[in-house]
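Residue numbers (my numbering): -5 to 102.
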């Protein structure tokens, strides 16, 4: 189950987990291109409506979020706060998985 809306989250950057990288490399080229476009949108404020950014209910510490790549494919991510060398706090989206809607809802 999801809660629509980001609650005011703004990302400064994103990182990819090894699992995300593996799943991303298995995608066909047109899908990879589509994901790249959505990652650009992820850093925009406010999020474009087509991103369909949602918080997954039942997950906290860390909270998990998803956004739609297509009608059936989603990316899951966690949010991390990091302090850079100038002691500025940055919000980083840690990309965890890219898979079908059902797979993400079962195991984000």
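The beta-carbon is built from N, C-alpha and C at its ideal position, and this holds for glycine as well.
Please read all numbers here as calculations on a predicted model, not as lab measurements.
- Spell out the partners DSSP gives residue 21 in its beta bridges. Bridge partners of residue 21: none, in fact.
For this session: Would you mind giving the Cβ-Cβ distance between residue 35 and residue 24, rounded to the nearest angstrom? I have them listed as a contact below 8 Å.
Result: Not a contact, Cβ separation roughly 17 Å.
Exercise. Do you know offhand how far residue 103's Cα is from residue 40's?
Worked result: In the structure displayed, the chain extends from -5 to 102; residue 103 sits before or after that span and is not available.
Practice task
Taking only beta-carbon positions, decide if residue 64 is within less than 7 Å of chain B.
Solution key: Note that chain B does not occur in the displayed structure, where there is just one protein chain.
message: Closest to residue 71 by C-alpha separation, out of 57, 37, 96 and 80, would be which residue?
response: The residue with the shortest Cα to Cα distance from residue 71 is 57.
Cβ neighbour criterion (16 or more within 10 Å) applied to residue 83: exposed
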